[in-house]
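Trainee:
Numbering (our numbering), first residue to last: 62 to 268.
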């Protein structure tokens with residue numbers, strides 16, 4: 062089990078370290094990333110590294126959690142939160158689909174999966190701070206639309222999962238296994254719009 066963090070991971074120095082170790086963890090994995098390499102990449106001494114993160118596992122989990130939260134926040138970044146539900150869902154869907162082919166997202170997913178057996182705490186952190194956080198935020202959004210009478214949903218959790226899977230379509234797996242190496246903006250729009258169209262056909266209230 063990782064040692065609980067005793068410092069503010071949002072402090073400038075902690076953020077410098079977390080940003081610096083990003084490529085090392087993604088390229089070398091947990092085992093291959095020595096503390097010497099991590100400290101050098103972060104531009105700090107090993108002593109400073111340990112002052113902020115008492116062991117490599119704690120640093121690893123803090124890195125994964127922070128990156129997952131950043132990506133989840135980007136999915137829900139929309140121009141106008143007060144816009145009608147269809148407009149908001151289309152923006153979110155586009156953000157979601159756009160992330161699927163991201164080399165960084167794919168690398169983070171592979172990294173968490175590769176280390177999940179040895180580090181159950183990491184797997185839990187990845188799930189809680191990534192897919193589950195996005196699902197919980199979607200539930201809140203959908204609950205608001207239901208309260209306004211725009212959507213009719215009996216199971217909010219299931220609806221949130223439906224939305225995520227519609228956005229992923231087969232694109233995420235194709236990118237994960239490198240069957241598809243690039244995606245055009247037109248493809249992203251097509252998948253995102255199709256996801257929202259199907260979702261609204263299932264859950265929109267007919268006026």
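All residues carry an ideal CB built from backbone N, CA and C; glycine is no exception.
Since this is a predicted model, take the numbers as computed values, not measurements.
DSSP three-state label for residue 265, please.
Mentor: Three-state result, residue 265: strand.
Trainee: Which runs of the alpha helix (DSSP H) at least 4 residues long sit entirely within the stretch 120 to 195? Give them in chain order.
Mentor: Counting only runs of 4 or more, we get 146 to 160, 164 to 176, 181 to 190.
Trainee: Leaving out the 5 sequence neighbours to the left and right, which residues in its chain are closer than 8 Å to residue 107 when beta-carbon positions are compared?
Mentor: Counting only Cβ-Cβ distances below 8 Å, and skipping sequence neighbours, we find 96, 97, 100.
Trainee: Between the Cα of residue 235 and the Cα atoms of 103, 92, 167, which residue gives the shortest distance?
Mentor: Cα-wise, what sits closest to residue 235 is 167.
Trainee: Would you kindly work out how many angstroms separate the C-alpha atoms of residue 214 and residue 207, rounded to a whole number?
Mentor: The straight-line gap from Cα to Cα measures roughly 7 Å.
Trainee: Could you compute how far the alpha carbon of residue 114 sits from the alpha carbon of residue 156?
Mentor: Answer to the nearest angstrom: the Cα atoms are 32 Å apart.
Trainee: Taking all protein chains shown into account, do 16 or more other C-beta atoms lie within 10 angstroms of the C-beta of residue 266, making it buried, or fewer, making it exposed?
Mentor: It counts as exposed.
Trainee: Relative to the C-alpha of residue 253, which candidate in 238, 232, 239, 196 has its C-alpha closest?
Mentor: Comparing Cα positions, the closest option is 232.
Trainee: If you compare alpha carbons, which of 146, 80, 199 is closest to residue 134?
Mentor: That would be 199, whose Cα lies nearest to the Cα of residue 134.
Trainee: Quick one: give me the first and last residue of the alpha helix (DSSP H) that residue 73 is part of.
Mentor: Where residue 73 is concerned, the enclosing alpha helix (DSSP H) stretches over 73 to 81.
Trainee: Using C-beta distances below 8 Å, list every residue in its chain close to residue 85, excluding the 5 sequence neighbours before and after it, in chain order.
Mentor: Once the five neighbours on either side are set aside, the close Cβ partners of residue 85 are 94, 98, 99, 102.
Trainee: Pull up the distance between the alpha-carbon of residue 151 and that of residue 136, whole angstroms please.
Mentor: In a straight line, the C-alpha of residue 151 is about 11 Å away from that of residue 136.
Trainee: Does the separation of the CB atoms of residue 90 and residue 169 fall below 9 Å?
Mentor: No; because the gap between Cβ atoms is not below 9 Å, this pair is not in contact.
Trainee: Can you pull the DSSP bridge partners for residue 242?
Mentor: Bridge partners of residue 242: none, in fact.
Trainee: Can you check which of these residues, 73, 205, 196, 141, is closest to residue 220 by C-alpha distance?
Mentor: Considering only alpha carbons, the answer is 196.
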